[in-house]
Amino acid sequence: MKKILFALSMLVLSSQAHAALNVFVCEPEWAALTQELAGDKATLYTATGALQDPHRIEARPSLIAQARRANLVVCTGAELEVAWLPVVLRESGNNTVLPGSDGYFETAQFVTMLEVPTRLDRGEGDVHALGNPHIQTDPRNFLPVAEALGKRLAQLDPGNAAHYRQRLTAFNQQWRAAIAKWEAQAATLKGVAVVVQHKGFPYLSHWLGLNEVEALEPKPGMEPSAAHLAQVLATLQKQPARMVLRAAYQNERPSEWIAQRAHIAAVVLPYTVGGSDKVKDLYGLFDDTIARLLAGLQ
Amino acid sequence: MIKRIATCTALAVCLSHSTLVGAAATGSAENAFNPAFSLILSGTYASLRQDPALPATGFAMNPNPGHKQGFTLGESEMGISANIDPQFRGVATLALDPAGGVSVENAFVQTTALGEGLNLKFGRFFSGLGYLNEAHAHAWDFADQPLVYAALWENQLAEDGVQFKWLAPTETFIELGAEVGKGRGFPGTDRAKNGSGAGVVFAHIGGDIGIEQSWRAGASLHRTRAVDRESADVPDLSGNPVTNLFSGDSHTAGLDFVWKYAPNGNLRERYLKVQGEYFRRKESGDLTYDTAATGVTDTFSNTQSGFYLQSVYQFIPRWRMGARYDRLDSGVAQVGALNAGNVVSDYAFTPTRTTLMLDFSPSEFSRLRVQLAHDLSRQGLADTQFFVQYIMSLGAHGAHSY
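If you're matching them up, the sequences are chains A and B in order.
Residue 131 in my numbering sits at position 131 of the first sequence; the count goes up by one each step and never skips.
Position in the second sequence counted from 1, then plus 298, gives you my numbering.
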């Protein structure tokens with residue numbers, strides 16, 4: 001019995017033994033960023049995968065148990081996780097990671113939000129009052145987020161503050177260089193007309209100058225209907241687009257339907273880390289995104 | 299009148315303005331602190347062959363929430379919640395009865411700042427026993443509750459009292475909870491006394507298996523005492539309906555589990571959910587037979603049990619189908635000698651029901667459902683029950699529990 005108890009307590013303690021911080025991260029892109037900034041000083045738990053719709057996650061027991069152990073929660077915010085995160089945090093009984101506390105970090109607070117609705121009405125579909133929450137498709141958004149997150153890590157784990165500062169500086173440098181590289185690669189994408197399946201790419205379009213002419217979802221979050229797809233097709237005959245974009249977690253049928261009939265490329269973007277085999281980290285995310293967009297132009 | 303409309307328009311503008319300002323956290327207007335407000339609208343059309351007032355055979359001394367025939371407006375459920383201060387959060391759910399009147403379904407305060415995995419809740423809340431008990435009607439997967447919930451808990455056990463929960467700091471979800479309360483609802487009776495009238499303890503354990511599967515299992519115990527709990531229209535050994543009173547102890551044990559599967563863990567496309575619960579209740583005390591006439595009192599003890607097993611499958615986005623099997627066991631009662639010739643001890647009948655469901659959700663906020671049940675819960679009175687239901691939610695986007 002004593003042995004079992006000892007083994008159990010070791011199990012509980014061991015995960016905290018080698019890292020200073022337990023970080024609960026809502027989406028893989030922020031897990032990758034936290035990894036860049038914290039290195040081996042943090043143990044990460046990522047609540048969602050690249051093949052899951054982040055709007056539609058359940059407050060599973062495993063998430064609640066992980067939030068209970070967290071020193072820091074890193075999420076997008078802007079209501080992206082509104083359907084599950086409040087329950088997870090409440091049920092966790094962990095008062096150090098509640099909204100408003102130092103252990104709670106929302107990335108969307110540090111970037112300029114796009115598509116902030118002027119009219120809040122569910123008749124407009126699943127709109128978010130604070131703006132479109134899919135901010136991770138513009139690499140420039142990672143700079144202010146990294147700045148703030150690096151500071152937060154240092155604040156929560158002052159013993160390793162120098163370590164976080166050093167990693168932040170290194171990330172900033174590398175990331176800026178990478179952005180310049182991607183922008184050069186993507187120069188030909190400027191002004192290219194695209195169709196999106198879900199309104200999940202405004203930041204990407206804004207960054208690269210893509211011209212979003214239509215969305216396959218009649219309203220954000222509503223499934224594309226046959227009637228709406230036919231309407232989109234009619235629009236495309238007058239105002240042609242080069243490709244139709246969807247995220248890895250989205251159903252391929254609406255995109256494929258349009259792509260075949262409008263004779264345009266259907267491009268699946270990884271959307272976040274893990275969204276394709278090639279995307280192992282943040283750099284891979286944009287390498288692959290740009291490569292796939294360029295392939296769509298061919 | 300015109301003046302009133304003008305005020306309303308101004309108010310609407312004012313409200314929408316304050317929402318935006320509030321969102322930017324720069325608002326100073328009074329209503330920037332308004333709580334989250336939601337409203338559930340629901341209604342049912344039911345076609346039944348048998349009188350819904352008839353209880354399941356062997357369960358005439360239990361409540362029978364039953365169904366309503368024809369077009370029925372469901373309870374409109376109004377939810378209000380907000381943080382009260384850095385320590386407390388308040389939640390109220392008011393049910394607007396279509397016949398008029400408002401009942402308080404939930405009205406509780408919960409702590410937010412205890413930490414260490416501790417959560418304390420007080421006021422009126424749905425007990426944490428079982429799996430389905432805490433779910434509000436709009437989140438049910440079928441138009442009605444399983445028979446075992448209807449017969450043993452009058453659909454749902456709401457308690458006036460205190461709930462204490464502790465979550466272990468482990469990777470596996472392990473939650474322990476205890477409740478003390480008044481015991482105002484069935485199987486207890488509302489008694490004027492100090493101290494607690496009912497107690498519940500429960501334990502939940504859960505986790506994930508890979509990214510595609512998740513599960514939770516639980517066990518719960520409930521105890522209360524009934525004093526002069528009245529049941530009308532209980533058939534006696536001669537087949538006459540009589541009114542009986544029961545006073546005694548009531549002990550219930552329950553087991554529950556739920557397992558969910560979604561390809562890649564992506565609930566939007568497809569998912570499968572399987573759940574089941576079992577409850578067993580032992581009651582022992584005194585039964586007074588036929589209060590309208592002789593009123594003979596002697597000992598009475600009985601063990602009732604029941605379970606359900608159900609599965610819901612979302613086969614394409616927005617469309618789900620489900621099946622449920624219900625079964626009850628009315629037990630063989632030990633009846634004291636004085637009532638041996640009066641009270642039925644063994645009904646020798648096993649009530650069952652099989653239900654099929656199909657629902658369609660145009661969005662996260664609306665759901666339309668049809669349900670067909672083959673009900674064999676009443677001996678010799680097979681019933682085919684057909685339901686059409688709508689459930690719509692307005693206002694604040696409430697997060698749902700697992």
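Using N, Cα and C, we set each Cβ at its ideal position, and we do this for glycine too.
- When the alpha-carbon of A351/B is set against those of V532/B, A330/B, A380/B, A490/B, the nearest one is in V532/B.
- Restricting attention to W207/A, A247/A, K190/A, the CA atom closest to the CA of A215/A is found in A247/A.
- Interface criterion not met: the Cβ of I382/B is under 8 Å from no Cβ in chain A.
- L80/A and P139/A do not touch by the CB rule: their CB atoms are close to 19 Å apart, not below 8 Å.
- By the CB criterion at 8 Å, Y569/B and K580/B fall outside the cutoff.
- The bridge partners DSSP lists for F647/B come to none.
- Beta bridge pairing from DSSP links H672/B with T652/B, T682/B.
- Residue contact check for Y249/A against chain B: a CB pair falls below 8 Å.
- The alpha-carbon separation between V23/A and T648/B amounts to approximately 52 Å.
- For A38/A, the CB contacts under 6 Å within the same chain, skipping 5 residues up- and downstream, are L153 in chain order.
- In the DSSP annotation of this structure, V267/A is not part of any alpha helix (DSSP H); the continuous beta strand (DSSP E) holding it starts and ends at 265-269.
- When secondary structure is reduced to three states using DSSP, Q612/B falls in the strand class.
- Partner residues in the beta bridge of S512/B, as assigned by DSSP, are D506/B, K558/B.
- Between A262/A and L285/A, the CB-CB gap reaches or exceeds 8 Å.
- By the beta-carbon neighbour count (other beta carbons within 10 angstroms, threshold 16), I614/B is exposed.
- Counting other Cβ atoms within 10 Å of its Cβ, G296/A reaches 16 or more and is therefore classed as buried.
- At a cut-off of 8 Å between beta-carbon atoms, H695/B makes contact with chain A.
- Identification of chain B residues near R56/A by a Cβ-Cβ cut-off of 9 Å yields N564, L565, R566, E662, ordered along the chain.
- Residues of the same chain with a CB within less than 7 Å of the CB of P384/B, apart from the 5 flanking positions on each side, are A411 in chain order.
- At a Cβ-Cβ threshold of 8 Å, P28/A and T46/A count as neighbours.
- Interface criterion not met: the Cβ of L570/B is under 8 Å from no Cβ in chain A.
- For A42/A, the secondary structure class from DSSP, reduced to helix, strand or coil, is strand.
- Residue ranges of uninterrupted alpha helix (DSSP H) with 4 or more members, entirely inside the region 413-456 of chain B and ordered along the chain, are 445-451.
- Residue nearest to G368/B within the set G693/B, L692/B, Y700/B, Q687/B is Q687/B (criterion: CA-CA distance).
- Per the DSSP secondary-structure output, D627/B pairs in a beta bridge with S603/B.
- Counting the other Cβ atoms within 10 Å of the Cβ of I258/A gives 16 or more, which makes it buried.
- Counting only the Cα atoms, I290/A lies some 48 Å from W464/B.
- For G415/B, the neighbours in chain A by C-beta distance under 8 Å run, in chain order, R68, S92, G93, N94.
- Where S101/A is concerned, there is no enclosing beta strand (DSSP E), because DSSP gives it neither an H nor an E.
- Its chain contains V389, K419, F420, G421, R422, F423 as the residues whose beta carbon lies nearer than 7 Å to that of F406/B, once the 5 sequence neighbours on both sides are disregarded; these appear in chain order.
- E58/A and G49/A have their C-alpha atoms roughly 13 Å apart.
- In terms of Cβ geometry, R514/B and Y700/B form a close pair [threshold 8 Å].
- Exposure of T592/B is indicated by the presence of fewer than 16 other C-beta atoms within 10 angstroms of its C-beta.
- Cβ contact annotation for R665/B (same chain, cutoff 6 Å, sequence separation greater than five): D657, S659, I689, in chain order.
- Listed as beta-bridge partners of W617/B by DSSP are I614/B, F658/B.
- According to DSSP, C75/A shares a beta bridge with E106/A.
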